[in-house]
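Contents: one structure, followed by commentary.
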Amino acid sequence: MFCYRKKPPEVERIVKANDREYNEKFQYADNRIHTSKYNIITFLPINLFEQFQRVANAYFLFLLILQLIPEISSLTWFTTIVPLVLVITMTAGKDATDDYFRHKSDNQVNNRQSEVLIDGKLQNEKWMNVKVGDIIKLENNQFVAADLLLLSSSEPHGLCYIETAELDGETNLKVRHALSVTSELGADISRLAKFDGTVVCEAPNNKLDKFTGVLSWKDSKHSLNNQKIILRGCVLRNTGWCFGMVIFAGPDTKLMQNSGKTKFKRTSIDRLMNTLVLWIFGFLVCLGIILAIGNSIWENQVGGQFRTSLFRNEEKKNFVFSGFLTFWSYIIVLNTVVPISLYVSMEVIRLGHSYFINWDRKMYYSGKAAPAEARTTTLNEELGQIEYVFSDKTGTLTQNIMTFKKCSINGRIYGEEYGDPVQKKEITKKKEPVDFSEKSQAERSLQFFDHSLMESIKSGDPKVHEFFRVLALCHTVMSEEDSSGKLIYQVQSPDEGALVTAARNCGFIFKSRTPDSITIEELGTLVTYQLLAFLDFNNIRKRMSVIVRNPEGQIKLYSKGADTILFERLHPSSKDLLSLTSDHLSDFAGEGLRTLAIAYKDLDDKYFKEWHKMLEVASAAAHERDDQISQLYEEIERDLMLLGATAVEDKLQEGVIDTIASLSLANIKIWVLTGDKQETAINIGYACNMLTEDMNDVFVVAGNTVGEVREELRKAKESLPGQNHSILNAHAACGKEQQLEMASVGEEDTAPGDYALVINGHSLAHALESDVKSDLLELACLCKTVICCRVTPLQKAQVVELVKKHRNAVTLAIGDGANDVSMIKSAHIGVGISGQEGLQAVLASDYSFAQFRYLQRLLLVHGRWSYFRMCKFLRYFLYKNFAFTLVHFWYGFFCGFSAQIALDTSYWTVINHVFIWGSIATYFCILFTTHSSDIFGMFPNQFPFVGNVWHSLTQKCVWLVILLTTVASVMPVVAFRFLKVDLYPTLTDQIRQRQKAQKKAKPVRRQRPQTRRSSSRRSGYAFAHQEGYGELITSGKNMRAKTPPPTSGLEKPLYNSTSWLENLCKKTTDTLSSFSQEKTVKL
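Here the sequence shown is numbered in our numbering, starting from 77 and rising by one per residue.
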């Protein structure tokens, strides 16, 4: 019974409403959530286990164990256990605090109240007691307790409005609608209690925008999609009440499935420090071995003679074992060379740098009251090493505030037609903007100067009317009225808002929608269209369509989307209009405007019914549902009739041009990855000065096959000066992986001259294949500017990964929308801009601010400061540790390699604190006095700071200084010692010289075995730490001899000697002789 049987993974989920007993047999998770790691019992063992998995902590625990062994330790265990316990305690306290708040948050969420239908009555239950299959009642402004299938609501047709800010950061309202069969249940508790539908759906997953399932009820099946589901974390808005059936609970909800661990990002300094610590530890082992060998030699040649003089009955000491013990003793004494506090100190410094970013007033945007925010504290110095910046265009380089500027309808352009400021000024004097004040619901901020458009509308031009009818019907906008009766639009993208607002000002006002209808006001007349089908937009389709039935009974398909996609699906009769509209689109894109094509199609009633039946079958399919639906969408979106195109303006943000220029001077390459069309992207490139007329060439890659793309890339590379022969030879001699390595270690980052690369999304898809991406990477890295247009979010991430993997460079990705999240997560550093597209990019980022121009200050000021300060700190820290450690190493040559410490620990602690805090205070005083943030912004090219850590190690002068410093420090001491021994020998030196001379003159006699001392280690100050031998010497007990040799001279009084030194030497010689003749001498 103690064996835990792991629950097999779910393939599909089966849930029956109002039947807890049935659902419990599947062992579904309850609604309780656990985000905490510990409890009171498990905290200490688990936290200690996690902490001692770190190499530094494990090393110092091992050191502490060594210090507890008296035979090898000359330091008290207190010197190691105090910093170790301090570090572990601080870390444990931080972990405990974090986990306490997680417990607090879990309890707060789990104890929320919700109304649950139990035994035919609504009862208040805590969220943690909610089960799968329960029916829950939600009220306005209430959080959703679990992932629910919407059954009914207070709004007509089972509609409800939700806010998903906690899921994706978007504050605009989204609509969900119930099935028509369940919306009839309303708020009737008795009918809801009898509801026994069964849902068969997908297993729990983390896809927020996708859900597939089938509801079986009353002998009929109904397909379910994401529009029928309300996810945990949402808030019910503008809806009185709604009822829902729990599908996923607790950890199975999509919110919790997405709360996995974020990928941990490490800086290059962290990786360097890990390597250096290993080398330092190896250096410590080498020092220990050297000193251990020295101890063995000293014990064999010198130490044994001292013991012979002092301890005549002691056994001879094993010098090899003594060296072994000395090795471990010096591992303890020299442990400071491995920095235990380095990582803690680095984290404190990084935290301070993060506050510098948060407090920077020059990065505060007053327009939104949005300060810069460092969302992570571990990557600050990495900002100073950025080499590649990958930027989105819309909302990042531009304002993402869309304004309707022009349109092309049936081959005629409407809107501003001037191209230069002088002409604009002249036309503005002649023409006043169109007056929309006569329309009560018009948007006053929209300015449109072409009065001919309003004249065409008033004259009843059918094409113009149909054009704006498409804009008013084909969208996902939600409308509501404020207290004054004014319409307010909730939009998912600024583009849609601009187009719907333009239609509104031109007399086609979107009023409201239901799941089955759309109501608009056409030139003062309310018209309700029956909504038959909605073909939604996605990144693959790049278009959206609606199928409606007008009051006359005609079925119409209205579509809008990217021109490259929509033009492929036009009827042949639109060929002439297609050519003319394409020219207009090129002109629009040349002015930097965002464009969309507009088309429609008349549908036969019989054909639509057949198609709709197939769509229902595909929607209810359990397998490959999306593929079947996509095929049906493709089938009906053919032979469209072209109406025209729209052009929306998105202006550059303030300071973009200066920021890009400064970053370019700092040798930082900027790549633009955008979903806009090629002409628009190129125009923005020229507007930002990323592309200039002075460039040698701008390579445009637009091939439709792998072969075409490869050929275009190779032709572009061959046209670069100095690249022709080398590239051809590389392709002839190397495989694809070797070519990637060549691209990653190239000597020059750019070709001589200025070149730019522009590549389309469909060409990029081919170029990212394994056999072509080497060519793409080589060419892109040789160019000064790279622009990728019409790219998907996945392609953005792939481009970042390509450079990140093969260039060995630090990358930064910056964006403002949900389509930039994958790119932001892939780069070494992700920056989110709090723009018009919600907070998804900010939530996924490491740093965030409100304007692109702040990137210059983040990199060139804060990044350089952080990197510079961290390198200075590391250099000082390692110097301090090595200086203190090498003192003990050198002292070992003077104390007989006895592992005695040179400085008292209390003395060193005081000096350490004085120098550390004094140095920090002095450093920051000088830093803030002499450094100005404006210097780095004004002269970014004067501070080449990328890779200083490694560059410093490759400079010959650095190693020369180290060598000269070592020689200058060591040679005077060595020379002084040898000269002193020869010119002014001490008593000990003279005794040693006499002993060496006697050894050479007499054969070595065998010494009797000596008894080992109980302690195998003595400090270098042993003679000062115990009672001396003065009384023993004066008593004469140790100088008795049975048969004095006649030549010993011992019969002469010692005080008759002409020199007390000579007498002492003679006494020593006689004592050694008597030791060889006597068998037992008592001390």
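The beta carbon of each residue, even a glycine, is placed where N, CA and C say it ideally should be.
Residue i, DSSP secondary structure in three states
{"i": "R617", "result": "coil"}
{"i": "Q976", "result": "coil"}
{"i": "N123", "result": "helix"}
{"i": "I489", "result": "strand"}
{"i": "K481", "result": "strand"}
{"i": "M766", "result": "coil"}
{"i": "E449", "result": "strand"}
{"i": "H298", "result": "strand"}
{"i": "K860", "result": "coil"}
{"i": "Q927", "result": "coil"}
{"i": "C318", "result": "strand"}
{"i": "C277", "result": "strand"}
{"i": "Y114", "result": "coil"}
{"i": "L563", "result": "strand"}
{"i": "R313", "result": "strand"}
{"i": "A665", "result": "helix"}
{"i": "M818", "result": "Its pLDDT being 41, under 50, M818 is placed unreliably by the model, and the measurement read from it follows with that caveat. The answer is helix: DSSP assigns M818 an H, G or I state."}
{"i": "S588", "result": "strand"}
{"i": "M771", "result": "coil"}
{"i": "T240", "result": "strand"}
{"i": "R89", "result": "strand"}
{"i": "V848", "result": "coil"}
Endpoints, the alpha helix (DSSP H) within which residue i is located
{"i": "C550", "result": "Per DSSP, C550 belongs to no alpha helix (DSSP H) and is neither H nor E."}
{"i": "S467", "result": "Element bounds for S467: not the alpha helix (DSSP H) but the beta strand (DSSP E), I462 to S467."}
{"i": "E97", "result": "R96 to E100"}
{"i": "N200", "result": "That residue, N200, is in no alpha helix (DSSP H); its beta strand (DSSP E) goes K197 to K202."}
{"i": "L367", "result": "S344 to W374"}
{"i": "I736", "result": "V732 to L741"}
{"i": "E231", "result": "Looking at the DSSP string, E231 is not in any alpha helix (DSSP H), and its letter there is neither H nor E."}
{"i": "S405", "result": "F395 to V409"}
{"i": "A721", "result": "From DSSP, A721 is part of no alpha helix (DSSP H) but of the beta strand (DSSP E) over M717 to E725."}
Beta-carbon gap between residue i and residue j smaller than 9 Å
{"i": "G624", "j": "L642", "result": "For clarity, residue 624 is Val in the given sequence; the question names Gly instead. Cβ atoms of V624 and L642: not closer than 9 Å."}
{"i": "W203", "j": "N217", "result": "no"}
{"i": "T258", "j": "G234", "result": "yes"}
{"i": "V937", "j": "I746", "result": "no"}
{"i": "R545", "j": "Y490", "result": "no"}
{"i": "Q184", "j": "E191", "result": "no"}
{"i": "A222", "j": "R108", "result": "no"}
{"i": "G54", "j": "N765", "result": "This structure cannot settle anything about residue 54, because the visible part of the chain is limited to 77 through 1159."}
{"i": "N371", "j": "S398", "result": "yes"}
{"i": "Y193", "j": "I265", "result": "In the sequence as presented, Tyr is not what sits at residue 193; that position holds Leu. Contact flag set, yes."}
Residue range of the unbroken beta strand (DSSP E) whose run includes residue i
{"i": "A675", "result": "L669 to L679"}
{"i": "L749", "result": "K745 to L749"}
{"i": "E597", "result": "S593 to E598"}
{"i": "K636", "result": "I631 to G637"}
{"i": "L255", "result": "Counting along the chain, L255 falls outside any beta strand (DSSP E), and DSSP gives it neither H nor E."}
{"i": "R267", "result": "Taken as a continuous stretch (DSSP letters only), R267 belongs to no beta strand (DSSP E), being part of the alpha helix (DSSP H) at I265 to K270."}
{"i": "M530", "result": "Counting along the chain, M530 falls outside any beta strand (DSSP E), though it belongs to the alpha helix (DSSP H) covering H527 to K534."}
{"i": "Q606", "result": "T601 to L611"}
Nearest-angstrom beta carbon gap, residue j and residue i [assumed within contact, 8 Å]
{"i": "C40", "j": "R252", "result": "Absent from the model: residue 40. The displayed extent of the chain is 77 to 1159, so no value can be given."}
{"i": "V409", "j": "I977", "result": "6 Å"}
{"i": "V876", "j": "A889", "result": "6 Å"}
{"i": "H110", "j": "D175", "result": "The pair is not a contact, with the Cβ atoms about 11 Å apart (cut-off 8 Å)."}
{"i": "G666", "j": "N759", "result": "6 Å"}
{"i": "L719", "j": "I674", "result": "4 Å"}
{"i": "L401", "j": "E147", "result": "6 Å"}
{"i": "I909", "j": "A917", "result": "7 Å"}
Pick out the complete alpha helix (DSSP H) segments inside the segment 1040 to 1081, 4 residues or longer, and give them in chain order. Counting only runs of 4 or more, we get 1063 to 1077.
Alpha helix (DSSP H) segments (min. 4 residues) lying fully within the segment 157 to 209: none
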